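Visitor:
In our numbering, the protein residues as written are 16 to 152.
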């Protein structure tokens, strides 16, 4: 090794997310709403009634309250509405415009794909995030 390639491990910055806090426990008399992680059962404070948060102990994403369930269900219903609307529009277009319906059907197909995307995104959100509830002492 030459002089310019010295060990630089002491200059490296620490991990941005911080150390894992699996063995750390908050005191029970700390004021504020306390939640338990559904993955590691670690208890932490969060001062809003709903939202997405990352567990400070295991760093996995979790949903506070019913936030993600409401969001996922609304996206699934909007997607279902878009798919049903596109099916009914395609039926009307094919009966009214027999020969020149290709451009209209292309637009309706795009609307149906948007609906399918929203439905799949709602299923993905529901399956990715676990919900946690407030712990009362």
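We put the beta carbon where it would ideally sit given N, CA and C, even for glycine.
These figures come from a predicted structure and were not determined experimentally.
Mind checking which residues open and close the beta strand (DSSP E) that includes residue 144?
Guide: Residue 144 sits at position 129 when you count from the first residue of the chain shown. Unbroken run through residue 144: none, as it is neither H nor E.
Visitor: Name the DSSP beta bridge partners of residue 58, please?
Guide: As a first step, residue 58 is located in the chain shown; it is residue number 43 there, counting from the start. Residue 58 is bridged to 51.
Visitor: Just how far apart, CA to CA, sit residue 134 and residue 86?
Guide: In the chain shown, the residue the question calls residue 134 occupies position 119. In the chain shown, the residue the question calls residue 86 occupies position 71. Answer to the nearest angstrom: the Cα atoms are 11 Å apart.
Visitor: Take the Cβ of residue 139 as the centre, count every other Cβ of all protein chains shown within 10 Å, and call the residue buried at 16 or more, exposed below.
Guide: If you number the chain shown from 1, residue 139 lands on position 124. Flag for residue 139 reads exposed.
Visitor: Just reading off the beta strand (DSSP E) that residue 66 is part of, what are its end residues?
Guide: Position 51 of the chain shown holds residue 66. It spans 66-69 - the beta strand (DSSP E) in which residue 66 sits, taken as one unbroken run.
Visitor: Whole angstroms are fine: how far does the CA of residue 127 sit from the CA of residue 93?
Guide: Indexing the chain shown from 1 puts residue 93 at position 78. Indexing the chain shown from 1 puts residue 127 at position 112. Their Cα atoms are separated by approximately 11 Å.
Visitor: Evaluate residue 97 with the Cβ neighbour count: other Cβ atoms within 10 Å of its Cβ, from every protein chain shown; 16 or more gives buried, anything less gives exposed.
Guide: In the chain shown, the residue the question calls residue 97 occupies position 82. Buried, because 16 or more other Cβ atoms sit within 10 Å of the Cβ of residue 97.
Visitor: Less than 7 Å between C-beta atoms, sequence neighbours within five positions excluded: which residues of the same chain meet that for residue 99?
Guide: Numbered from its first residue, the chain shown carries residue 99 at position 84. Excluding sequence neighbours, residue 99 sits near nothing in its chain.
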